[in-house]
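Encoded as structure tokens, the structure appears first; notes follow it.
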Amino acid sequence: MARQRVVTSPLAGTAGDRARPAATRQRVGRLAALAGLAATVLTLASCSLPFSRPTPIAYREINLSGYCSQTDEDGFREQATLKVSANQVQALDWRLWVGKRGSCHFNLADFHQTQSRPSIELRANSGSCKLLIWQDPGNVTIGHANCEAYCTPGVYENAWPVSFDPRSGICAAGTRR
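Using UniProt numbering, you'd call the opening residue of the sequence shown number 1 and step up by one each time.
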């Protein structure tokens, strides 16, 4: 014959033993409700909400006659002339030096304007180099993409954008050295 297993409670035969099944059921019910609530909260937290995306920079027409020339302590130097009227680039000559390692040079003669809104885009006449010009509340900035051919080999990754103060046309305050 098979032996039956008998489990005894230290409270066997007491009032606590009769109350235990109801209390256990209540605890299990509460735990299930908490687990369901936690699962719902985690599911909602993992959803991407429509207001979680950053808003784009508002369009501002660019009118600038700017000149920025500055040198940093470590030898990084830039000299940029930019003239834009109603988002049409009329003059651009931008040189930057990365210490004594080399330089980059961008001139309007090597580019043609392909876009004027929401930001200005200039594409190289040959190749994939692109210059971008945009205005945020405090700066007019020229940046570049895929323009290694316009730089001394090995310095492109250190070629930073240049920013102008839109009111005065000089180097933007946060970038003056």
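In this text, a Cβ means the ideal position worked out from N, Cα and C, and glycines have one as well.
Tell me, please, which residues DSSP counts as bridged to Leu108.
BP columns for Leu108 are empty, so no partner.
Check: Should the region 67-75 be called in touch with the region 113-125, which here means at least 3 C-beta pairs below 8 Å?
Finding: no
Mind checking Tyr59: buried by the 16 CB within 10 Å criterion, or exposed? exposed
Check your understanding: In terms of alpha-carbon separation, which member of Pro153, Cys151, Leu131 and Asp136 lies closest to residue 201?
Key -> No information on residue 201 is available, as it lies outside the stretch 1 to 177 that the chain covers here.
Excluding five sequence neighbours on each side, which residues of the same chain lie with their C-beta closer than 8 Å to the C-beta of Lys100? Gly75
Review point. Which same chain residues, not among the five before or five after Ala173, have their C-beta less than 7 Å away from its C-beta?
Key: Asp165
Here's the rule: buried if 16 or more other CB atoms are within 10 angstroms of the residue's CB, otherwise exposed. What is Ser163? buried
### Query
Alpha carbon to alpha carbon, how far is Ile62 from Phe111?
18 Å
Between the alpha carbons of Asn158 and Arg95, how many angstroms are there, rounded? 13 Å
Extent of the continuous beta strand (DSSP E) to which Asn146 belongs:
Unbroken run through Asn146: none, as it is neither H nor E.
Can you tell me where the beta strand (DSSP E) with Lys83 in it begins and where it stops? Arg77 to Ser85
* **Tyr156 (DSSP reduced to helix, strand or coil)** => helix
* To do: With a threshold of 16 other CB atoms inside 10 Å of the CB of Gln88, please say whether the residue is buried or exposed.
  => exposed
Beta strand (DSSP E) containing Ser163: first to last residue?
Val162 to Phe164
To the nearest angstrom, report how far apart Thr71 and Ile133 are at their CA atoms. 22 Å
- request: Assuming Val155 contacts Ser116 (C-beta within less than 8 Å), just tell me the rounded distance between them.
  value: Not confirmed; about 30 Å, so no contact.
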